[in-house]
Amino acid sequence: MKQPLIILSLLLLCAGCVVQTPAVLPTETLPVVSLPISDGETAISVIQGITHRSPLDGQTIPRVGGVVTAVDGGGFYLQSLVSDADERTSEAIYIDMQTYLNVKRGDLVQVEDGKVREWNPAGLGENSLTITTLVANNVTILGKNQPLPTPVVIGQGGRMIPNQIIENDVNGYVGQSQQPLDPQEDGMDFFESLEGMLVQINNARAVSTRNAYNEVSVAADNGQNAGIFSQEGVLVLRESDPNPERIMLDDAFIMMPEITVGAVFNEPIEGVVGYDFGNYRVHLLSKPVLSQNQPFRAAEAQGVQKDWELAVGTYNLENFNSLQNAETSKQVAREIVEMLKAPDILVLEEIMDDDGSLDSGQVSAERNLASLIDDIVDASKGEIVYKVLNIDPDRNADGGIPGGNIRTVILYQTKRGLKLAAAPIGKANDEVNLRDENGRAMLSLNPGRIWPRNSAFFDSRKPIIGQFIFNGQDLYVIGNHLNSKSEDGPLYGDQQPPHRSSERQRIAQAKTVNDFVQDILNINPEALIVVVGDMNDFPWSASLKTLQGGVLENLVLTLPENQRFTYVYQGNGQTLDQLLASKALASRLVSYEVVHINSLSLPENASSDHDPVIAVFDLSVVE
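Counting in the working numbering, the sequence shown runs from 1156 upward without gaps.
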């Protein structure tokens, strides 16, 4: 019976012993001790320094001490007990353990012979910022159950987060710069100055819905220091404001609950600041408590009100295959009928071939589209029947998931008198041309593809055009899905300003489409033209300005700023899906709406990651 007492006595006496156990397991509670950190150790703030990379990178640090604030499977966060009073220097660091150690939150520890390493997290390679870490093997537990450092409050009563600028002091690679941090002006520098530290967010307000990666973005202080909010509570991205006040929360240590846009929290949020996948984030240390979770209510379009009005819309369906996901197809059909009010013409992006992502050589989407049409008929109880304009691409020539052969198609219904102008159907590499019939621009192919062999469309979707006749007037509809932004750098990436390498191809694509529009207008200056789709860029971008080219008007600009979003990414509401019209058609605009079906919805409930856009035009005969 004496052995347990002996072991306990040894534990109490061995405050300075090195402990290396094979796993992180619950341990007995030791008395609270307050041992001073030994003299001669290097302060964490000195290791972190006043730039993004440690001035001691690659060096071995004899001794570092502090309190453990969080523990994961690979190591732990260590924060100093004493601040150097310089806001530019973080007082915490991640300890990358080479062996598992039974370290707990609240332990007072000393790390010996740790090597400083700037670690590039997985996900974005060389365009990712690095995290300052200390690679260590020798850790001594000096005490248990120590008071944690007081969290730094982000927002009112603490440190105010910049709300307009991400980085304006570095033009190039931040990690290679010796530019001192400017946390009062630059959002990137603000978070870097808190790297690894305990932080607290008061009166948080969700500006995004919890995404598929269990992340959610919030604004502190109920958004009082934030930019422009939509009616639903989304922070809207603007040319002059990337919203650096967004704070991303993730589930590194907790299970993230369901959170929707506009949700508010009745308890402070606490976590440690980290970085991964191109963004700073707060790793939550406890499950957030919601005082209010906004129920999601899908919007509905106004629909056509008069016989001479015509509705045109666009909807990116995110790798749609009705044969492989029948429930999603039925959901999309209900959305088209009930929420979009069955627009006369609907351009759909990301329609896969019949066997989806299976790279079998299959390129036809006939059965996939037929199934969707049938679902729409069922959802409308037989009232809505769409016809399809589709041109199958060459195998794996249009980008997207290999084997998926995604393409842009045009649906249209004829019950209200809409007709398709007579012309042969084009094939993948057939180039549509124009002929002048007494001032009437006629397509050589209907549907056709605009310059499909142009290098601008290499490994990318080709624009499809259809010529319709409504109320005796020609209407040209050009469906687009411009080059993806996947190659572009993140807002908080190493390269600043963020590189936009994909933009060059989008600009070339936009120029090609604009040239074709010009050709139509050269024949008929009053032609009614719609250029619509997922443009993968913002209204103020060079891509969209090129697409406008002085002859098209971007109708999203008719909306108030706080309504301009079709996609929410990392808490930023963005306009990617857009509808442009020739000046003659834009003058007949009745309404323009973004129908928020998916961007505000939890991912498990959404049919896509984009919201559709609907425009209604007055196509009464002009005398």
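Beta carbons: idealized from backbone N, C-alpha and C, even for Gly.
Whether Leu1263 touches Leu1233 by CB criterion (7 Å): Position 108 of the sequence shown holds residue 1263. Position 78 of the sequence shown holds residue 1233. Their beta carbons are not under 7 Å apart, which means Leu1263 does not touch Leu1233 by this criterion.
Distance, Ser1698 Cα to Gln1733 Cα: Looking up residue 1733 in the sequence shown gives position 578. Looking up residue 1698 in the sequence shown gives position 543. Distance between the alpha carbons of Gln1733 and Ser1698: 12 Å.
Three CB pairs or more closer than 8 Å across the segment 1544-1563 and the segment 1504-1519: yes
Residues near Leu1712 by beta carbon distance below 7 Å, same chain, minus five either side: Reading the sequence shown from its first residue, position 557 is the one you call residue 1712. Only Pro1694 meet the Cβ criterion.
In chain order, each beta strand (DSSP E) run of at least 3 residues that lies wholly inside the segment 1692-1760: 1707-1709, 1722-1724, 1727-1729, 1732-1737, 1744-1749
Unbroken beta strand (DSSP E) run spanning Asp1227, endpoints: Locating residue 1227 in the sequence shown gives position 72, counting from the first residue. Residues 1215-1227.
Three-way DSSP call (helix, strand, coil) for Gln1664 in this model: Taking the sequence shown and counting its residues from 1, the one referred to as residue 1664 is at position 509. DSSP places Gln1664 in helix when its eight states are reduced to three.
Limits of the unbroken beta strand (DSSP E) element including Ala1247: Here residue 1247 corresponds to residue number 92 of the sequence shown, with the count starting at 1. Per DSSP, Ala1247 belongs to the beta strand (DSSP E) from 1247-1252.
Asn1677 (DSSP reduced to helix, strand or coil): Mapped onto the sequence shown, residue 1677 falls at position 522. Of the three classes helix, strand and coil, the one that applies to Asn1677 here is helix, per DSSP.
Cβ shell of Gln1718 (< 7 Å), same chain only, five flanking positions each side left out: In the sequence shown, the residue the question calls residue 1718 occupies position 563. Excluding residues within five positions, the ones whose Cβ falls inside 7 Å are Ser1385, Val1749.
Which of helix, strand or coil DSSP assigns to Phe1625: Here residue 1625 refers to the residue found at position 470 when the sequence shown is read from its first residue. In the structure shown, Phe1625 sits in a strand (DSSP, three-state: E or B).
Segment limits, beta strand (DSSP E) that includes Arg1655: For the purposes of this step, residue 1655 is taken as residue 500 along the sequence shown, with counting starting at 1. Careful: Arg1655 lies outside any beta strand (DSSP E) and carries neither H nor E.
The segment 1542-1553 contacting the segment 1599-1606, beta-carbon criterion three pairs below 8 Å: yes
contact_flag[the segment 1376-1391, the segment 1407-1426] where n(CB pairs < 8 Å) is 3 or more: yes
The segment 1676-1686 in contact with the segment 1724-1731 per 3-pair CB rule at 8 Å: no
Backbone CA spacing between Ser1446 and Met1411 [nearest angstrom]: To locate residue 1446, count along the sequence shown from 1; it is residue 291. To locate residue 1411, count along the sequence shown from 1; it is residue 256. One C-alpha to the other measures close to 15 Å.
Residue(s) in a DSSP beta bridge with Ser1372: In the sequence shown, the residue the question calls residue 1372 occupies position 217. Note: Ser1372 sits in a beta bridge opposite Met1403.
Pairwise C-alpha distance: Ala1198 and Pro1186: Translated into the one-based positions of the sequence shown, residue 1186 becomes position 31. Translated into the one-based positions of the sequence shown, residue 1198 becomes position 43. Interpretation of Pro1186 is limited by its pLDDT of 38, a score under 50 that renders its predicted location unreliable; the figure taken from the coordinates is listed afterwards. Going by the C-alpha atoms only, they are around 26 Å apart.
Cβ pair Val1459, Ile1500 closer than 7 Å: For the purposes of this step, residue 1459 is taken as residue 304 along the sequence shown, with counting starting at 1. For the purposes of this step, residue 1500 is taken as residue 345 along the sequence shown, with counting starting at 1. Not a contact, by the Cβ cut-off of 7 Å.
The beta strand (DSSP E) enclosing Val1427, as first and last residue numbers: Translated into the one-based positions of the sequence shown, residue 1427 becomes position 272. Per DSSP, Val1427 belongs to the beta strand (DSSP E) from 1424-1431.
Sequence ranges, beta strand (DSSP E) only - wholly within the segment 1425-1512, length at least 3: 1434-1439, 1445-1447, 1464-1475, 1500-1506
Cβ-Cβ distance between Pro1758 and Asn1366 below 7 Å: The sequence position of residue 1758 within the sequence shown is 603, counting from 1. The sequence position of residue 1366 within the sequence shown is 211, counting from 1. Cβ atoms of Pro1758 and Asn1366: closer than 7 Å.
Per-residue DSSP class, three states only, for Asp1773: By 1-based counting over the sequence shown, the position of residue 1773 is 618. Reduced to three states, the DSSP call for Asp1773 is strand.
Test item: CB-CB of Pro1423 and Gln1334 under 7 Å: As a working mapping, residue 1423 is identified with position 268 in the sequence shown. As a working mapping, residue 1334 is identified with position 179 in the sequence shown. No, these two residues do not count as a Cβ contact at 7 Å.
Nonlocal neighbours in the same chain, by C-beta distance under 7 Å from Asn1471, ignoring five residues either side: By 1-based counting over the sequence shown, the position of residue 1471 is 316. These residues qualify, in order along the chain: Glu1504, Glu1505, Asp1689, Asp1732, Ser1763, His1765.
Supposed close pair Asp1376, Asn1398 - CB separation, criterion 8 Å: The residue you call residue 1376 lines up with position 221 of the sequence shown. The residue you call residue 1398 lines up with position 243 of the sequence shown. Not really, about 15 Å apart at Cβ, beyond 8 Å.
Same chain only: Cβ atoms within 6 Å of Ser1657, ignoring 5 sequence neighbours per side: Walking along the sequence shown from the start, residue 1657 turns up at place 502. These residues qualify, in order along the chain: Asn1638, Lys1640, Glu1642, Asp1643.
Alpha-carbon spacing of Ala1577 relative to Asn1275, whole angstroms: As a working note, residue 1577 is residue 422 in the sequence shown. As a working note, residue 1275 is residue 120 in the sequence shown. Approximately 58 Å, taken between the alpha carbons.
Where Asn1326 falls: helix, strand or coil (DSSP): Residue numbering aside, residue 1326 sits at position 171 when the sequence shown is read from its first letter. Note: Asn1326 maps to coil in three-state DSSP.
Sequence-distant residues of its chain with Cβ nearer than 6 Å to Thr1751 (five each side left out): Stepping through the sequence shown from its first residue, residue 1751 is reached at position 596. Checking the sequence shown, residue 1751 turns out to be His, not Thr. Correct list, in chain order: Ala1454, Asp1766.
Under 7 Å between C-beta atoms of Ser1477 and Ser1535: Here the question's residue 1477 lines up with position 322 in the sequence shown. Here the question's residue 1535 lines up with position 380 in the sequence shown. No, these two residues do not count as a Cβ contact at 7 Å.
6 Å CB neighbourhood of Gln1214 in its chain, flanking five on each side removed: Within the sequence shown, residue 1214 is the residue found at index 59, counting from 1. Only Val1271 meet the Cβ criterion.
Check whether Leu1392 and Gln1628 have beta carbons under 7 Å apart: Here residue 1392 refers to the residue found at position 237 of the sequence shown. Here residue 1628 refers to the residue found at position 473 of the sequence shown. No, the pair does not count as a contact, with Cβ atoms beyond the cut-off.
Same chain, Cβ closer than 8 Å to Ile1383, five either side skipped, listed in chain order: Locating residue 1383 in the sequence shown gives position 228, counting from the first residue. Within the same chain, Ile1383 has close Cβ partners Leu1390, Val1391, Arg1393, Asp1396, Glu1716, Asn1717.
First through last residue of the alpha helix (DSSP H) which encompasses Met1782: Since the displayed the chain opens at 1156 and closes at 1778, residue 1782 lies outside it and no answer follows.
Coarse secondary structure for Asp1530, derived from DSSP in three states: Here the question's residue 1530 lines up with position 375 in the sequence shown. Asp1530: helix per DSSP, three-state reduction.
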